[in-house]
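The structure appears below as structure tokens.
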Amino acid sequence: MRLIIALAIGAVFGLGISVSGMGNPAKVLNFFDIAGTWDPSLAFVMGGALTVTFIGYRLVLGRPRPVCADSFQLPTKTQVDRRLVAGSAVFGVGWGIAGFCPGGSLPMLGTGLTDVFIFVAALCAGLAAARLLDGVAKQSGGRDALSGGSVRKT
Amino acid sequence: MATTFTPLASLGGGALIGLSAVLLMAFLGRILGATGILAGALGFGDRADWPMRIALVAGMVLGPVIYLALTGAFPVVEVPASRAMLVIGGLLVGVGVTFGGGCTSGHGVCGLARLSRRSLVATLTFMAATFVTVFVIRHVLGV
Numbered sequence: 129m130r131l132i133i134a135l136a137i138g139a140v141f142g143l144g145i146s147v148s149g150m151g152n153p154a155k156v157l158n159f160f161d162i163a164g165t166w167d168p169s170l171a172f173v174m175g176g177a178l179t180v181t182f183i184g185y186r187l188v189l190g191r192p193r194p195v196c197a198d199s200f201q202l203p204t205k206t207q208v209d210r211r212l213v214a215g216s217a218v219f220g221v222g223w224g225i226a227g228f229c230p231g232g233s234l235p236m237l238g239t240g241l242t243d244v245f246i247f248v249a250a251l252c253a254g255l256a257a258a259r260l261l262d263g264v265a266k267q268s269g270g271r272d273a274l275s276g277g278s279v280r281k282t
Numbered sequence: 285m286a287t288t289f290t291p292l293a294s295l296g297g298g299a300l301i302g303l304s305a306v307l308l309m310a311f312l313g314r315i316l317g318a319t320g321i322l323a324g325a326l327g328f329g330d331r332a333d334w335p336m337r338i339a340l341v342a343g344m345v346l347g348p349v350i351y352l353a354l355t356g357a358f359p360v361v362e363v364p365a366s367r368a369m370l371v372i373g374g375l376l377v378g379v380g381v382t383f384g385g386g387c388t389s390g391h392g393v394c395g396l397a398r399l400s401r402r403s404l405v406a407t408l409t410f411m412a413a414t415f416v417t418v419f420v421i422r423h424v425l426g427v
């Protein structure tokens with residue numbers, strides 16, 4: 129049952145990406161090109177998504193627990209650190225070079241276009257490489273970004 | 285390449301993205317972040333729920349197919365980047381979102397909706413970096 133629900137929710141997300149234009153790198157990059165072929169559509173995607181999520185989360189998180197799980201799992205980290213800022217900056221540079229973000233690219237695999245598969249393959253390689261880099265960082269005293277109490281069970 | 289301004293479709297599509305984030309929280313109690321879902325589906329992190337993450341990704345991939353069934357065409361995907369740029373961009377995105385702990389969906393939608401300060405800083409940072417990168421590529425390097 130949980131798997132069917134997850135499949136359906138993924139499909140709503142994928143349809144939203146398809147309708148909004150977030151899966152089209154030309155449209156995404158044009159949002160950032162105010163000095164050139166500017167297309168403000170991306171602001172409307174973010175506006176629509178944020179409005180619904182902001183209101184919906186307030187309704188949902190007031191409930192005792194999720195319908196099909198024991199607890200809400202929310203990030204607990206509140207500290208703004210160098211990892212967060214540096215990682216986000218690197219993500220932004222990559223987004224600006226390729227025009228695809230993770231959420232925009234994954235659904236577009238469904239179009240079967242080779243360019244999408246190339247980007248997603250490189251994205252997966254990047255995720256793996258970051259874990260190797262993080263292993264090196266941990267040995268030299270760094271901390272793991274993705275573990276260490278990043279999830280709160282309420 | 286120029287694209288058409290689509291305020292209504294983008295607003296409606298954005299609302300669907302938001303709806304999926306709310307439904308995931310309501311039913312399964314999770315943040316809808318593409319980074320975490322993909323990493324989990326690849327077997328990184330919490331192995332216990334990787335089937336759920338595979339199902340989420342599989343559902344996402346159905347999105348364009350549903351769009352095709354509703355409109356008679358796949359969503360438009362125009363890629364201004366060369367394949368070398370797609371590979372370099374993909375690697376940087378993969379590394380960046382891992383250390384940054386999220387991407388446009390996780391920080392930009394779910395995090396901002398929760399009024400998370402980390403997500404606000406992350407979103408402003410990656411938007412600024414993308415803005416500068418696009419400016420340099422298009423107007424300084426002229427690619």
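Residue numbers (this note's numbering), protein chains in the order written: chain D, 129 to 282; chain B, 285 to 427.
Where a beta carbon is used, it is the ideal one built from N, C-alpha and C, also for glycine.
Look at the Cβ atom of residue i, then the Cβ atom of residue j, and state whether they are nearer than 8 Å.
i        : j        : result
D/SER148 : B/SER294 : yes
B/ILE301 : D/GLY144 : yes
D/ALA258 : B/GLY343 : no
B/VAL341 : B/LEU312 : no
B/GLY378 : D/GLY238 : no
B/THR290 : D/GLY224 : no
B/ALA305 : D/THR181 : yes
D/ALA250 : B/LEU375 : yes
B/VAL345 : D/PRO235 : yes
D/VAL221 : B/ALA413 : yes
B/GLY347 : D/SER146 : yes
D/LEU212 : B/GLY385 : yes
B/LEU308 : B/LEU316 : yes
B/ALA299 : D/GLY184 : no
B/HIS429 : D/GLY164 : Beyond the ends of chain B as shown, which are 285 and 427, falls residue 429 of chain B; an answer cannot be given.
B/ALA397 : D/LEU178 : yes
Could you spell out where the alpha helix (DSSP H) holding residue i opens and where it closes?
i        : result
D/GLY227 : Premise fails: D/GLY227 is in no alpha helix (DSSP H) and is neither H nor E.
B/THR355 : 334 to 355
D/PHE172 : 169 to 188
B/VAL371 : 367 to 384
D/VAL208 : It is not in any alpha helix (DSSP H) - D/VAL208 carries neither H nor E in the DSSP assignment.
B/LEU429 : The displayed coordinates of chain B run from 285 to 427. Any statement about residue 429 of chain B would go beyond what the structure contains.
B/MET411 : 401 to 419
D/SER146 : 130 to 148
B/ALA323 : 318 to 325
D/LEU157 : 153 to 159
Taking 7 Å as the limit between beta carbons, can you name the residues of its chain near residue i, skipping five residues before and five after?
i        : result
D/ILE137 : none
B/GLY296 : none
B/GLY329 : ALA323
Can you name the residues of chain D whose CB is closer than 7 Å to the CB of residue i?
i        : result
B/LEU295 : PHE172, GLY175, GLY176
B/LEU396 : LEU178
B/ALA406 : LEU212, SER216
B/LEU370 : ALA226, ASP243, ILE246, PHE247, ALA250
B/ARG402 : LYS205, THR206, VAL208, LEU212
B/LEU308 : ILE137
CB-CB under 6 Å to residue i, same chain, minus the five flanking residues each way: which ones, in chain order?
i        : result
D/ARG130 : CYS196
D/MET150 : VAL173, GLY232
B/GLY395 : SER403
B/VAL381 : THR319, CYS387
D/ARG280 : Residue placement at D/ARG280 cannot be trusted, given a pLDDT of 48 that sits under 50; the coordinates are not used to answer.
B/TYR351 : PRO359
Leaving out five residues on either side along the sequence, give the residues of the same chain with a beta carbon under 8 Å from the beta carbon of residue i.
i        : result
D/GLY277 : Below a pLDDT of 50, predicted positions are generally treated as unreliable, and D/GLY277, at 36, falls in that range; no measurement from the model is reported.
B/GLY373 : ALA365
D/ASP209 : none
D/ALA154 : GLY227
B/ILE421 : VAL427
D/TRP166 : ASN158, PHE159
D/GLY269 : For D/GLY269, the pLDDT reaches just 44, beneath the cut-off of 50, and the residue's location in the model is therefore unreliable, although a value from the coordinates is still provided. None.
B/TRP334 : GLY324, ALA325, GLY327
B/THR287 : GLU362
List, in order along the chain, the chain B residues whose C-beta lies closer than 8 Å to that of residue i?
i        : result
D/GLY149 : THR287, THR290, ALA293, SER294, GLY297, PRO359, VAL360
D/LEU260 : Neighbours of D/LEU260 on chain B: none; closest Cβ ~10 Å, over 8 Å.
D/PRO192 : Under the 8 Å cutoff, chain B gives no residues; its nearest Cβ is about 11 Å from D/PRO192.
Can we count residue i as close to the ligand COA, meaning its CB is less than 7 Å from some heavy atom?
i        : result
B/PHE419 : Because no ligand of any kind appears in the structure shown, any question about the ligand COA cannot be addressed here.
Kindly list, in the order they appear in chain B, the residues whose Cβ is closer than 7 Å to that of residue i.
i        : result
D/GLY142 : GLY343, MET344, VAL345, LEU346, GLY347, PRO348
D/PRO235 : MET344, VAL345, GLY347, PRO348
D/PRO168 : PHE289
Using a Cβ cut-off of 9 Å, pull out every chain B residue sitting near residue i, in sequence order please.
i        : result
D/GLY263 : By Cβ distance, chain B contributes nothing, its closest Cβ being about 12 Å from D/GLY263, past 9 Å.
How would you list, in chain order, the residues of chain D whose beta-carbon sits under 9 Å from the beta-carbon of residue i?
i        : result
B/GLY425 : The identity of residue 425 of chain B in the sequence shown is Leu, whereas the question assumes Gly. Near B/LEU425 there are no residues of chain D at all, since even the closest Cβ is about 11 Å away, more than 9 Å.
I want to verify the contact list: residues of chain D whose CB lies under 8 Å from the CB of residue i, in sequence order.
i        : result
B/GLY356 : Chain D residues near B/GLY356: none, gap ~13 Å exceeds 8 Å.
B/ALA332 : Under the 8 Å cutoff, chain D gives no residues; its nearest Cβ is about 12 Å from B/ALA332.
Worksheet item: Are at least three pairs of beta-carbons, each pair with one atom in the stretch 239 to 246 of chain D and one in the stretch 358 to 369 of chain B, less than 8 Å apart?
Response: yes
Worksheet item: For the 8 Å Cβ check, are there 3 or more pairs between the stretch 405 to 417 of chain B and the stretch 209 to 217 of chain D?
Response: yes
Worksheet item: Do the stretch 184 to 198 of chain D and the stretch 163 to 173 of chain D meet, that is, are 3 or more Cβ pairs less than 8 Å apart?
Response: no
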